[in-house]
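The numbering of the sequence shown is this note's numbering, which starts it at 7 and goes up by one.
Positions of the beta carbon are idealized from the N, C-alpha and C atoms, including for glycine.
In this text the structure is predicted, and so the values were computed from the model without any measurement.
Following: one structure in structure tokens, then a few remarks.
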Amino acid sequence: MCGIVGFSGPAKPDLLKRMTNALFHRGPDDEGIYADGQMNLGMRRLAIIDVAGGRQPVSNEDATVLVVFNGEIYNYVELRRELESRGHVFKTDHSDTEVIVHLYEEDGESWPLKVNGMFAVAIWDLRTRKLTLYRDRLGKKPLYYCRNNNNIVFASEIKALLCHQHVSRELDLQSLYDFVGSRNTSAPRSIYRDIKQLLPGCYLSWHPERECYGRAYWEIDFRPAESVGDESEVSHTILGLLDDAVRIRMRCDVDYGAFLSGGVDSSTIVSLMQRHSTRRIKTFSLAYADVSGPMARGKEGDRLYSAFMAKHLGTDHSECVVCANDFLKDARGIAQSFDEPFAGCVSGYFLARHMKPSVSVALAGDGGDELFGSYLAHRVAIPIDTYCLYVQQGKTSLTDLTSEEIGALFPYNTPQGYAFLASVADRSISVWRDRLRYFNHDEVASLFTREMLEQIGYPGTCSAYKRICDKLTARDVFNKALEIDQKECRDMADRVAYAKDRGLEDVVLNTNGTLMTREKAKAVIRSGLDAMYVGIDA
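Okay, here's the thing in structure tokens:
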């Protein structure tokens, strides 16, 4: 990964250097700086493609358009060929960044529609004195910004923004409220009141003498396709798309590998990588040395599955083993890696550190759950809808149902499963989605003072879900559950309802093998601790 920064106004080399240095961990290989009295741009580079020649900022032929870029353009080879046929002259040997400059010249603000990739991009057009920020379709690459008196500051991470004297550190109370309920802050907000996240699939344009405006260049459409073919055709199409996605992501000039948990998603990715590689793929997994309680069996299963798949696929496998003491020793480093409260970050931190000496790029199975509906909120959508239909018909217990009707509730077709459905079900998807959170909006409200709730207008996450649900394009309840996750721009992992899914209704957190009840959690939050580390990754 790389890191980009920038701010409008007169050249301030010391400030630009401080902001850029704050992102050194994102790009230790190189740095680039530009200032012209109106705009300041900086970047830290992790060299992946065109290691020798891909320095940034990159400009067009007459240096009137400049780009700083974090990410990868996977189809840069094909795009470059097309642009050269139209007369564009490239300065680099095969930099994917330079493709963006010339695409912008051809297509203006809609250039991302031609790109297959992940990116956070800043384009400074000297001809129009316009800065435009872009973020990829699903928000793989972060991009934050702050506007102050018609000035703008932006960066890949909040820590770089906070180097700027005009960026306030005042907390956003609404984001704090959201975090307690869902363990994430909700874009476009951040944990800081004046710092915003650029939404996925959007761009933001700034000009010193005009109104700043943002628009979506892409939105996913969940309306059913007119024709998708039979199961065999669909399977063939999906495998072809996945195979192409893996192949094109292996275009790089440095060593690459993969995270391998042993699950379906990561195992599929590694299998396809091995198909396209002439050498053994380097794979990495994480194991916990001293996990106890309900998590132990699952963690040991993950370790065995990853070892099995590594042997089956013939990879060059490496396992990183961590224990509770490792977490305590690295707690400060973990916290400093994230500028906002964020759950589920521990495994990724240790695994990435273990991987770094061996490879610069690693593919993973992230995204499979969101695409194919593996999270609890997806799996439970159809059973809840079916349960509500039965209740509407006056069938309020399992004994009222036929064997066929009971089977339609699978996997919640047991007395315990039926009780779970009864505890969360509602005809409104916004209501039952709220009930699956660690704390629903009523429970979150009970944790805060009346004064704070009045300041933020006592928001209900249920009402936030309702606003999203009012704009859904999906027709069926299963795809609605998928679409909500996309519209929310947040991770809705199984761990959001880990306890409820297993019948442990009172258990909401698991920290270092110690179960924590709702009442204990409330006490911890009310005690005024500066930070509470929660969550062992699922």
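Helix, strand or coil at residue i according to DSSP, with G and I counted as helix
i: His213; result: coil
i: Ser14; result: strand
i: Val105; result: helix
i: Cys208; result: strand
i: Leu510; result: Bear in mind that a pLDDT of 25 at Leu510, under 50, signals an unreliable position, so the number given afterwards is only what the model happens to contain. Of the three classes helix, strand and coil, the one that applies to Leu510 here is coil, per DSSP.
i: Gly145; result: coil
i: Leu132; result: coil
i: Val386; result: coil
i: Arg24; result: helix
i: Tyr393; result: helix
i: Lys401; result: coil
i: Ala313; result: helix
i: Leu478; result: coil
i: Tyr198; result: strand
i: Phe125; result: strand
i: Pro19; result: helix
i: Phe203; result: According to the sequence displayed, residue 203 carries Gln and not Phe. Three-state result, Gln203: strand.
i: Asn46; result: strand
i: Ser65; result: strand
i: Asp440; result: helix
i: Val234; result: coil
i: Ser364; result: coil
Boundaries of the beta strand (DSSP E) in which residue i is found, first to last residue
i: Asn154; result: 150-154
i: Glu37; result: 36-41
i: His291; result: In the sequence as displayed, the identity of residue 291 is Ser instead of His. Where Ser291 is concerned, the enclosing beta strand (DSSP E) stretches over 288-294.
i: Thr138; result: 136-141
i: Val71; result: 71-79
i: Lys369; result: According to the sequence displayed, residue 369 carries Leu and not Lys. Its beta strand (DSSP E) spans residues 367-369.
i: Leu179; result: Segment 179-188 is the alpha helix (DSSP H) holding Leu179; no beta strand (DSSP E) there.
i: Ile158; result: 157-161
i: Arg221; result: 219-222
Same chain only: Cβ atoms within 8 Å of residue i, ignoring 5 sequence neighbours per side
i: Thr103; result: Gly60, Gln62, Val64, Val73, Phe75, Ile79
i: Leu427; result: Val386, Pro389, Ile390, Tyr393, Leu415, Tyr418
Residue range of the unbroken alpha helix (DSSP H) whose run includes residue i
i: Ser324; result: No alpha helix (DSSP H) contains Ser324, which is instead part of the beta strand (DSSP E) from 322-328.
i: Glu84; result: 82-91
i: Met7; result: Looking at the DSSP string, Met7 is not in any alpha helix (DSSP H), and its letter there is neither H nor E.
i: Gly246; result: 237-255
i: Ile99; result: Note on residue identity: the sequence assigns Asp, not Ile, to residue 99. Unbroken run through Asp99: none, as it is neither H nor E.
i: Phe426; result: 421-430
i: Tyr262; result: Where Tyr262 is concerned, there is no enclosing alpha helix (DSSP H), although the beta strand (DSSP E) it sits in stretches over 262-265.
i: Gly374; result: 374-378
i: Leu52; result: Element bounds for Leu52: n/a, residue is neither H nor E.
i: Phe356; result: 352-361
i: Ile462; result: From DSSP, Ile462 is part of no alpha helix (DSSP H); its letter is neither H nor E.
i: Gln171; result: Looking at the DSSP string, Gln171 is not in any alpha helix (DSSP H), and its letter there is neither H nor E.
i: His447; result: 447-453
i: Arg4; result: In the structure as shown, the chain starts at 7 and stops at 544, and residue 4 therefore has no counterpart that could be examined.
Expected contact under 8 Å - CB spacing of residue i and residue j to nearest Å
i: Gly15; j: Asn157; result: 6 Å
i: Gly77; j: Phe125; result: 3 Å
i: Phe314; j: Gly268; result: 6 Å
i: Gly207; j: Arg143; result: 5 Å
i: Leu369; j: Arg255; result: 6 Å
i: Ile201; j: Cys152; result: 5 Å
i: Arg286; j: Asp259; result: Rounded, the Cβ-Cβ distance is 19 Å, inconsistent with contact.
i: Tyr209; j: Tyr294; result: Rounded, the Cβ-Cβ distance is 42 Å, inconsistent with contact.
i: Ala161; j: Val11; result: 4 Å
i: Phe290; j: Ser343; result: In fact, because the Cβ distance is near 18 Å, the residues do not count as touching under 8 Å.
i: Arg50; j: Thr26; result: 6 Å
i: Gly33; j: Cys8; result: 5 Å
i: Ser174; j: Arg195; result: Going by Cβ atoms, the distance from Ser174 to Arg195 rounds to 14 Å, so no, they are not a contact pair.
i: Ile197; j: Leu182; result: 7 Å
i: Ser211; j: Lys136; result: 6 Å
i: Asp296; j: Ala330; result: 6 Å
Within-7 Å CB hit, residue i to chain B
i: His170; result: Among the chains in the structure shown there is no chain B, since it carries only a single protein chain.
Close beta carbons around residue i, own chain, < 6 Å, minus the five adjacent residues each side
i: Pro347; result: Phe185
i: Tyr82; result: Asp102, Val105
Proximal residues to residue i (C-beta, below 7 Å), its chain only, five neighbours per side dropped
i: Leu459; result: Ala451
i: Leu357; result: Phe265, Phe290, Leu292, Cys326
i: Asp36; result: Arg51, Ala53, Arg61
i: Ser312; result: Leu266, Ser267, Gly268, Ser291
i: Ala316; result: Leu266, Thr289, His323
i: Asp178; result: Arg195, Ser196, Ile197, Tyr198, Arg199
> Is the segment 93-101 close to the segment 127-144, with three or more CB pairs under 8 Å?
Replying inline: In short, these stretches do not touch, since the Cβ pair count stays below three.
>> Does the contact criterion of 3 or more C-beta pairs under 8 Å hold for the segment 363-372 versus the segment 408-416?
In response: Here the segment 363-372 does not lie against the segment 408-416, with fewer than 3 beta-carbon pairs under 8 Å apart.
> Are at least three pairs of beta-carbons, each pair with one atom in the segment 483-491 and one in the segment 379-386, less than 8 Å apart?
Replying inline: Verdict: yes, contact present.
> Between the segment 339-357 and the segment 177-196, are three or more C-beta pairs nearer than 8 Å?
Replying inline: Segments in contact, yes.
>> Does the contact criterion of 3 or more C-beta pairs under 8 Å hold for the segment 84-92 versus the segment 112-123?
In response: Because the criterion of three Cβ pairs below 8 Å is met, the segment 84-92 and the segment 112-123 touch.
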